[in-house]
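Asker:
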Amino acid sequence: MALKKPRIGVFGGAFDPPHNAHVAMAQAALAQLDLTQLCIFPTGQAWHKDRALSPAQHRLAMSHLAFDDLPDTRVDPREILRAGPTYTLDTLRELQHEQPGAQFVLILGADQASSLHTWHGFEEILSIAIISVAYRALSTGSDGQFDPSSLPSVPPGARFEKLQLPPMDISATDIRARAQRGEDLRQLVPPAVARYIEQHHLYRSA
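Quick note on the working numbering: the sequence shown kicks off at 12 and runs consecutively.
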């Protein structure tokens, strides 16, 4: 009987801060995608972000607080430690080299998936990883739907899966604005993350 391939979930983001919709997405991935392990990747110098991210050490610390208690989950700092712009393709190549027999599942929100064709090396990304699209999880600006045929070009053999989630009207942008106003964040982020934001006075400056 052939051994089952490890199935590794890849979930990246700025996590600035990590919030309850991020945690819900991770929990759904563990429940629905038959993962051996879920790897969380806080981004380093993200090429597609039009604003400066909070210091990496804070985003990494908050990611540990948000995700470390989930089963079969680890926070991987490699993108933060990598010099220069952060590309998902580089991370997938490294993982493929480290675990050549594994199957990789890249977990995205529907809004991210819709812009996947703009990502560096997106066709190679599709050749390495299954794309699992979470519906109505992280985006408040889209209709929560994604059709792979909407991408300009999809290489043969590209694989897509759905990750079902209820609507969650939470965004990191709104949380940062609330934190700047000194509002209570405990209904939007894990309690340990809320305490960390308060203790370190994050998002208080314009």
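Beta carbons are placed, not taken as given, at the ideal position from N, Cα and C, and that holds for glycine.
Quick check on P202: does DSSP put it in helix, strand or coil?
Answerer: For the purposes of this step, residue 202 is taken as residue 191 along the sequence shown, with counting starting at 1. Three-state result, P202: helix.
Asker: Excluding sequence positions up to five away, which residues of its chain have a Cβ less than 6 Å from the Cβ of Y98?
Answerer: Against the sequence shown, residue 98 aligns to sequence position 87. H131, listed in sequence order.
Asker: What do you get for E8, buried or exposed, if any count of 16 or more other CB atoms within 10 angstroms of its CB means buried?
Answerer: Nothing about residue 8 can be read from this structure; the chain reaches only from 12 to 217.
Asker: Might you give, ordered along the chain, the residues of its own chain that have their beta carbon closer than 7 Å to the beta carbon of L162, omitting 5 neighbours on each side?
Answerer: Within the sequence shown, the letter at position 151 stands for residue 162. Cβ neighbours of L162 beyond the five flanking positions: L127 and H128.
Asker: Which whole-angstrom value is the C-beta distance of F22 and C50, which I expect to be below 8 Å?
Answerer: Position 11 of the sequence shown, counting from 1, holds the residue named residue 22. Position 39 of the sequence shown, counting from 1, holds the residue named residue 50. Yes, they are in contact, since the Cβ atoms of F22 and C50 sit about 7 Å apart, within 8 Å.
Asker: Return the bridge partner residues of K173 from the DSSP annotation.
Answerer: Working through the sequence shown from its first residue, we reach residue 173 at position 162. BP columns for K173 point to V144.
Asker: Spatial neighbours of L117 within its chain, please: C-beta separation below 6 Å, excluding the five flanking residues on both sides.
Answerer: Numbered from 1 along the sequence shown, position 106 holds the residue referred to as residue 117. Correct list, in chain order: V21, A140 and I142.
Asker: Does DSSP classify V116 as helix, strand or coil?
Answerer: Within the sequence shown, numbered from 1, the residue matching residue 116 stands at position 105. Three-state DSSP puts V116 in a strand.
Asker: Helix, strand or coil, according to DSSP, for Q110 in the structure here?
Answerer: Here residue 110 corresponds to residue number 99 of the sequence shown, with the count starting at 1. Coil, per DSSP.
Asker: Span of the beta strand (DSSP E) holding I19?
Answerer: On the sequence shown, position 8 is the one that residue 19 refers to. That run of the beta strand (DSSP E) goes R18 to G24.
Asker: Measuring alpha carbon to alpha carbon, tell me which residue in V144, H75, E135 and E209 is nearest F52.
Answerer: Position 41 of the sequence shown, counted from the first residue, corresponds to residue 52. Minimum Cα distance to F52 is reached at H75.
Asker: Which residues share a DSSP beta bridge with Q48?
Answerer: The count along the sequence shown starts at 1 and reaches residue 48 at position 37. According to DSSP, Q48 bridges with I19.
Asker: Measure from the alpha carbon of P178 to the alpha carbon of each residue in E194, A32, P28 and D83, then state which is nearest.
Answerer: As a first step, residue 178 is located in the sequence shown; it is residue number 167 there, counting from the start. Of the listed residues, the one whose Cα sits closest to P178 is A32.
Asker: For P166 versus L137, is the C-beta spacing smaller than 8 Å?
Answerer: As a position in the sequence shown, residue 166 is number 155, starting the count at 1. As a position in the sequence shown, residue 137 is number 126, starting the count at 1. Contact: yes.
Asker: Would you kindly work out how many angstroms separate the C-alpha atoms of H211 and R93, rounded to a whole number?
Answerer: Taking the sequence shown and counting its residues from 1, the one referred to as residue 211 is at position 200. Taking the sequence shown and counting its residues from 1, the one referred to as residue 93 is at position 82. Those two C-alpha atoms are separated by around 25 Å.
Asker: Under 6 Å Cβ to Cβ from F171, same chain only, skipping five residues before and after it: list those, please.
Answerer: Sequence index remark: in the sequence shown, residue 171 carries index 160 (1-based). I142 and P159.
Asker: Rounded to whole angstroms, how far is the Cβ of A145 from the Cβ of A42, which I believe are closer than 8 Å?
Answerer: Taking the first residue of the sequence shown as 1, we reach residue 145 at position 134. Taking the first residue of the sequence shown as 1, we reach residue 42 at position 31. Rounded, the Cβ-Cβ distance is 12 Å, inconsistent with contact.
Asker: Answer yes or no: do D83 and L46 have a C-beta to C-beta separation smaller than 8 Å?
Answerer: Numbered from 1 along the sequence shown, position 72 holds the residue referred to as residue 83. Numbered from 1 along the sequence shown, position 35 holds the residue referred to as residue 46. Cβ atoms of D83 and L46: closer than 8 Å.
Asker: Could you pull out every residue in the same chain whose Cβ sits closer than 7 Å to the Cβ of G186, ignoring the five residues on either side in sequence?
Answerer: Here residue 186 corresponds to residue number 175 of the sequence shown, with the count starting at 1. Just to set this straight, residue 186 is Ile in the shown sequence, not Gly. These residues qualify, in order along the chain: P28, H30, L196, L199 and V200.
Asker: Is it the case that the Cβ atoms of A113 and K15 are separated by a distance below 8 Å?
Answerer: Walking along the sequence shown from the start, residue 113 turns up at place 102. Walking along the sequence shown from the start, residue 15 turns up at place 4. Result no, Cβ atoms of A113 and K15 do not sit closer than 8 Å.
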